[in-house]
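Read the structure below first, then the notes.
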Amino acid sequence: EDKVVQSPLSLVVHEGDTVTLNCSYEVTNFRSLLWYKQEKKAPTFLFMLTSSGIEKKSGRLSSILDKKELFSILNITATQTGDSAVYLCAVERTSGSRLTFGEGTQLTVNP
Amino acid sequence: EAQVTQNPRYLITVTGKKLTVTCSQNMNHEYMSWYRQDPGLGLRQIYYSMNVEVTDKGDVPEGYKVSRKEKRNFPLILESPSPNQTSLYFCASSSLTGTLLSEQYFGPGTRLTVT
């Protein structure tokens with residue numbers, strides 16, 4: 011059975027801290043891995059990763075994929091209270107573009 | 019404005035009463051999908067569609083139907099809702115590069131309660 015596991019499930023930090031969120035997967039016919047941010051509404055897209063070792067970066071957020079070890083990390087540097095959200099990882103399979111999501115990591119950034 | 023719209027946003031209904039949640043996108047996206055989100059279970063894919071008249075099951079399709087007669091619309095039908103279908107539902111759409119998904123845009127969500 012396909013599986014996407016995120017860790018930690020929740021994390022509380024102070025503004026300015028750097029955090030690393032983890033996503034490991036066991037999926038047949040892997041195509042891509044996607045990261046989303048969900049505040050108290052619909053998820054919004056952050057990154058799509060298809061190749062190992064190539065970092066994607068957007069401001070203070072960055073992500074990288076390791077297809078050999080089957081995991082991805084999402085880094086957030088110099089965290090701000092606006093980074094507080096649930097971060098979701100999803101894996102797309104080649105068989106018809108089905109998506110499997112992890113449970114999410116609840117990040118709370120305190121001032 | 020590029021968007022995915024869902025209606026209704028909130029719905030309380032009774033067991034067995036057929037309902038439809040509509041989803042529409044204005045971005046000419048090929049790919050559309052329905053998800054349900056439950057505490058402790060994350061987002062789970064119900065059905066998806068790669069294009070008009072092409073639909074396929076996701077991970078939790080039981081108790082749901084979909085249709086894709088037009089590119090912009092992808093309604094979710096619950097023929098006989100049951101309390102275990104109480105959930106937050108999201109519709110999403112994406113363009114396809116070949117068969118590779120690009121950024122998915124999510125609708126605002128529909129909170130369904132079945133009593």
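Top line first, the protein sequences correspond to chains A and B.
Just so we're aligned: 101 in this note's numbering is position 91 of the first sequence, and the numbers increase by one with no gaps anywhere.
Just so we're aligned: 58 in this note's numbering is position 40 of the second sequence, and the numbers increase by one with no gaps anywhere.
Where a beta carbon is used, it is the ideal one built from N, C-alpha and C, also for glycine.
In this text, all values refer to a predicted model and were calculated from it rather than measured experimentally.
With a Cβ-Cβ cutoff of 8 Å, do residue i and residue j count as a contact?
i	j	result
B:S111	B:Q55	no
B:L61	B:Y53	yes
A:D93	A:I86	yes
B:S113	B:G34	no
A:P53	B:F124	yes
A:T30	A:S42	no
A:T115	A:D27	no
B:Y66	B:G76	yes
A:V119	A:E25	yes
B:Q63	A:L109	yes
B:Q24	B:P126	yes
B:R90	B:T73	no
B:K36	B:L94	no
A:K47	A:Y97	yes
What residues from chain C crowd round residue i, counting only those whose CB sits closer than 9 Å?
i	result
B:R62	Here the protein chains are A and B, and chain C is not one of them.
For residue i, which residues in chain A fall below 8 Å Cβ to Cβ?
i	result
B:E121	F55, M58
What are the boundary residues of the beta strand (DSSP E) that residue i is part of?
i	result
A:A52	Run containing A:A52: none; DSSP gives neither H nor E here.
B:T73	72–75
A:F81	81–86
B:T31	28–31
A:K13	13–17
A:K66	66–68
B:Q43	37–43
A:L71	71–76
Which partner residues does residue i have in the DSSP bridge list?
i	result
A:F111	A:A100
A:T38	Its beta-bridge partners do not exist; DSSP assigns none.
B:V84	B:L94
B:R129	B:Y28, B:L106
A:H24	A:N120
B:M50	B:S67, B:S111
A:Q48	A:V96
B:G60	B:D56
For a contact defined as C-beta to C-beta under 7 Å, what are the partners of residue i on chain B?
i	result
A:A52	F108, F124, G125, P126, G127
A:G114	G60
Since residue i meets chain B, which of its residues come closer than 8 Å, beta carbon to beta carbon?
i	result
A:L98	G60, L61
Going along chain A in order, which residues have a C-beta closer than 7 Å to the C-beta of residue i?
i	result
B:D135	Because chain B in this structure spans residues 19 to 133, residue 135 of chain B falls outside the shown range and cannot be described.
Can you tell me whether residue i sits near the ligand SAH, meaning its C-beta is under 7 Å from at least one heavy atom of the ligand?
i	result
A:V14	For the ligand SAH, the structure offers nothing, since it holds no ligand at all.
Just checking, does the region 20–29 of chain B make contact with the region 59–72 of chain A on the three C-beta pairs under 8 Å criterion? Not touching, per the Cβ criterion.
Quick test of the definition: if touching needs 3 or more C-beta pairs under 8 Å, does the region 34–41 of chain A touch the region 91–102 of chain A? Judged by Cβ distances under 8 Å, the region 34–41 of chain A makes contact with the region 91–102 of chain A, as three or more pairs qualify.
Given 8 Å, three or more beta-carbon pairs between the region 99–113 of chain B and the region 126–133 of chain B: Output reads yes: the region 126–133 of chain B touches the region 99–113 of chain B.
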